[in-house]
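Numbering (my numbering), first residue to last: 1 to 181.
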């Protein structure tokens, strides 16, 4: 009988732990109240970083021009408005495991954007590859989009576009040109 009891306890705990945790609407509302404006700043930083990388890839000879520097400053300003990692970790957010997981993934996304900006800034002057910056941006974008779909309960039937894989180039190496006919 004792083994039978242990089996049911194990089965019960297994079923409970394997169920996907749902985030309550009140927890989501509370989280949005704390993070809504901050999430807008993070989204803006991701968009601007993507456009900056696209511009750099089109013409890296002009990477030291004022509009590149201004864009970098705007990105930094948006990331500052989103918040520093240590500040974000101290925020009072609802005690939902899944919501905390989302929150920490957003903190990681902001850290990836900072690393992406630093890599772009360093490589822009050297004329090197920006694939590290592109990879970090892609990871941050996917993380952000998944978090937004969950937090704002967006059910549009669309999947988040997966991360793109970028080829790594050595410093000074340029990709082969593809001619379209």
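Beta carbons: idealized from backbone N, C-alpha and C, even for Gly.
If you're wondering where the values come from, they're calculated on a predicted model, not measured in any experiment.
query                                                                                                                          : result
Using DSSP with H/G/I as helix, E/B as strand and the rest coil, what is residue 92?                                           : coil
What are the complete alpha helix (DSSP H) segments, minimum 4 residues, inside the region 121 to 160?                         : 131 to 151
Answer yes or no: do residue 93 and residue 99 have a C-beta to C-beta separation smaller than 8 Å?                            : yes
Can you check whether the CB of residue 48 is closer than 8 Å to the CB of residue 75?                                         : yes
Report the rounded CA-to-CA distance for residue 165 versus residue 86, giving the unit in angstroms.                          : 30 Å
Select from 53, 29, 9 and 41 the residue whose C-alpha is nearest the C-alpha of residue 122.                                  : 53
Going by other Cβ atoms of all chains shown within 10 Å of its Cβ, with 16 needed for buried, is residue 97 buried or exposed? : exposed
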